[in-house]
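All remarks here apply to the structure that follows.
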Amino acid sequence: MESFIETSRSIQEVKLLPPLTWAYIGDCVYELYIRTKLINETYMKPHALHIESIKYVKASAQSEILKRIYNNLTEEEKDIVRRGRNAENHHLPKNANVQEYMYATAYEALLGYLYLTKQTQRLQEILKISVD
Numbered sequence: 000m001e002s003f004i005e006t007s008r009s010i011q012e013v014k015l016l017p018p019l020t021w022a023y024i025g026d027c028v029y030e031l032y033i034r035t036k037l038i039n040e041t042y043m044k045p046h047a048l049h050i051e052s053i054k055y056v057k058a059s060a061q062s063e064i065l066k067r068i069y070n071n072l073t074e075e076e077k078d079i080v081r082r083g084r085n086a087e088n089h090h091l092p093k094n095a096n097v098q099e100y101m102y103a104t105a106y107e108a109l110l111g112y113l114y115l116t117k118q119t120q121r122l123q124e125i126l127k128i129s130v131d
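0 is the number of the first residue of the sequence shown in numbering that gives the first Met the number 0; add one for each residue after it.
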């Protein structure tokens, strides 16, 4: 995935960002990936696309993805996941239990971290194994 939006922070600066900031960006990265994937693979009206995308982006689905791919992560990536999972979040999940929400946040933090540190090849690999 070539970045069409330039990030100007150094890797050291990205490492100092709060994990919830990584998750904030990771949520967008994953949502855009899923929406693009659905548009490329199907012909649906926007409402149907939205309904289909929810199956991928809801917290319970992201939590399951992280559990499934965890053993394929590097030690650095596992550390990012740990930091994302343990980040203090005062937001209460609507349609997930707290554990699912924590794991979904960890998954989004990983995606956001990889995006912000411009590790686009690894980001692509993780996104691909996440939905295949």
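C-beta atoms are modelled at their ideal positions from N, C-alpha and C, and glycine is treated no differently.
Straight-line Cα distance separating residue j from residue i
i           : j           : result
residue 15  : residue 95  : 29 Å
residue 0   : residue 44  : The predicted model places residue 0 with a pLDDT of 48, which falls under 50 and marks its position as unreliable; any figure quoted below should be read in that light. Looking at the two C-alpha atoms, the distance is approximately 25 Å.
residue 104 : residue 19  : 8 Å
residue 133 : residue 26  : There is no way to answer for residue 133, as the model of the chain reaches only from 0 to 131.
residue 115 : residue 12  : 10 Å
residue 108 : residue 93  : 19 Å
residue 81  : residue 71  : 15 Å
residue 88  : residue 100 : 10 Å
residue 90  : residue 69  : 24 Å
residue 9   : residue 127 : 26 Å
residue 125 : residue 46  : 27 Å
residue 122 : residue 77  : 14 Å
residue 118 : residue 73  : 13 Å
residue 30  : residue 113 : 15 Å
Test item: CB-CB of residue i and residue j under 8 Å
i           : j           : result
residue 23  : residue 130 : no
residue 111 : residue 28  : yes
residue 33  : residue 52  : yes
residue 106 : residue 79  : no
residue 102 : residue 57  : no
residue 86  : residue 17  : yes
| message | Report the start-end ranges of each beta strand (DSSP E) in the region 93–124 that is 3 residues or longer and not cut off at the edges. | response | none
| request: Could you name each continuous beta strand (DSSP E) segment of 3 residues or more that falls completely within the region 0–31, going from the start of the chain to the end? | output: Here no run is fully enclosed.
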